[in-house]
Amino acid sequence: MSRELFDGFGIESLENRRMMAGDVSVDVTGGGDLRIDGDNASNEIVIRGTDVQGRFEIRGKQGTLVNGQQSIVVDGVTDDVRINLRNGDNRLEIEAGPQESDVTINDDLQIRTGNGSDVILLDEVRVLGTASINTGGGDDGFLGSEIRINGDFRWNSGSGDDVLLMDRMTIRGRMRANMGSGDDVAFLYDSEFFDGVQLSLGSGDDILGVAVSHARADVAVNGGGGTDIILTDSNEIDGEYRLRSVEDGSEVPNLDIFDLFV
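Under the numbering used here, the final residue of the sequence shown carries the number 316; numbering is consecutive throughout.
Right, here's the structure in full:
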């Protein structure tokens, strides 16, 4: 994944934490779901696609084991990918293999983490269903690059200073993001949203940046409490734009803020 876009957002400080690794449990259900469960330690795993449909390589890093081993290969994944890393400072990467153009998930992608400062990276991933990411308290970061999602994309983060960075993402459903409390950063670049965007910044002094992106339906941004900054450049929006502040309840309908900074 190219990191130039993400310089200066504090992700490196999350990536370079000292971790206390554990053992992650992996299995494929009879219905074809891939299930990955953490153990409340700080785990780091990489899920990599292969040239065989439904086969994934799952590798532990920084001392993390996978079913007691450094790495395993699973077959028969025909439905959801469900990941629950639980508490701890976790790091998850999902990326294409060396001979693959992308990783294909045949139905839904569900990622959940508990309390702790977590990093989630998705690079060249195609989700045929919906994608949802839920993080607990802590300073969490998400980096998504060259992602295609046929359904909705949902992001929910708990308390903490969180970072949501999206580069060249195509979401054919609706994007819903709740940043939670804390001083958060959300940046959307060169992305397309077919069923609109619903974004809640939460309490705290937040920054939202949107550039070279296209929303084909309505966009709603809820600023929440605190002093927020919205920066935009070279975007298109086909529906209405609504900006609402929870602090005073005011609403500004039909304000095309997507063009104010072009």
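We put the beta carbon where it would ideally sit given N, CA and C, even for glycine.
Next on the checklist: In the DSSP output, which residue or residues are listed as bridge partners for T224?
Outcome noted: R202, E246
Checklist entry - Name the DSSP bridge partner or partners of S79? => result D91
Next on the checklist: Can you look up N276 in the DSSP assignment and give me helix, strand or coil?
Outcome noted: strand
Checklist entry - Does DSSP put R140 in a helix, in a strand, or in coil? => result strand
Next on the checklist: Give me the residue from R180, S211, N204, S155 with the minimum Cα distance to G191.
Outcome noted: S211
Item to check | Which residues DSSP lists as bridging M229, in chain order | outcome: F207, V251
Item to check | Residue span of the beta strand (DSSP E) that contains V127, given as start and end | outcome: 125-128
Next on the checklist: Whole angstroms are fine: how far does the CA of V275 sit from the CA of R296?
Outcome noted: 6 Å
Next on the checklist: Less than 7 Å between C-beta atoms, sequence neighbours within five positions excluded: which residues of the same chain meet that for G250?
Outcome noted: R228, A269, A271, D272, V273, G293
Item to check | Residue-chain proximity (D172, chain C), Cβ-Cβ < 8 Å | outcome: Going by chain labels, chain C is absent from the structure shown, which holds only one protein chain.
Checklist entry - Alpha carbon to alpha carbon, what distance is there between D177 and R208? => result 17 Å
Next on the checklist: To the nearest angstrom, how far is the alpha carbon of R226 from that of N232?
Outcome noted: 19 Å
Checklist entry - When you compare only the Cα positions, how much space is there between G84 and D134? => result 12 Å
Checklist entry - Got a sec? Which residues, its chain only, sit under 6 Å from G256 by beta carbon, not counting five neighbours each side? => result M233, G234, S235, G278
Item to check | Inter-residue spacing [alpha-carbon to alpha-carbon] between Q252 and D206 | outcome: 11 Å
Checklist entry - Could you give the residue range of the beta strand (DSSP E) that holds Q164? => result 163-167
Next on the checklist: What residue range does the beta strand (DSSP E) around R145 cover?
Outcome noted: 145-149
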